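A.B. asks: In the working numbering, the protein residues as written are 1079 to 1180.
1. Taking the CB atoms as reference points, tell me whether residue 1083 and residue 1135 lie closer together than 8 Å.
2. Output the boundary residues of the alpha helix (DSSP H) element that contains residue 1107.
3. Just the Cα atoms here: how many angstroms apart are residue 1088 and residue 1110?
4. Considering only the alpha carbon of each residue, which of 1157, 1156 and 1105 lies closest to residue 1090?
5. Give me, in chain order, the residues of the same chain whose beta-carbon lies closer than 7 Å to that of residue 1095; leave out the 5 immediate sequence neighbours on both sides.
6. Relative to the C-alpha of residue 1149, which candidate in 1171, 1161 and 1167 has its C-alpha closest?
7. Among the residues of its own chain, which have a CB less than 6 Å from the CB of residue 1158, if the five just before and after it don't count?
Here it is as structure tokens:
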């Protein structure tokens, strides 16, 4: 079963479809700036769970973030957990640069 992932910038999310279907099997909502992409929510249809949809969403979106030179803020627990298990993507994580404190 092939998972196809594409960016849907108008909807501010990545969408996954199975085997060329028009039905969205899963999506990852994001907020994008010129320097950063924050992944805030990921959802996979119950009937598509366990088919690699979530992993495909994360891998494709992170590969595209890397290619665009964007830092990644993984506020979505699924993204944070996936990156923790795939340290080769850890360099993408956003780190606050400010040294200001109260």
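Backbone N, C-alpha and C define an ideal beta-carbon position, used for all residues, glycine too.
No experiment lies behind these values; they were computed from the predicted model shown.
C.D. replies: Based on what the coordinates show:
1. At the C-beta level, residue 1083 and residue 1135 come within 8 Å of one another.
2. Note, residue 1107: premise wrong, no alpha helix (DSSP H); beta strand (DSSP E) at 1104-1110.
3. Residue 1088 and residue 1110: Cα-Cα distance of roughly 12 Å.
4. The shortest C-alpha separation from residue 1090 is found at 1105.
5. Here the set comprises 1082, 1101, 1102 and 1103.
6. Residue 1171 is the option with its Cα nearest to residue 1149.
7. 1152.
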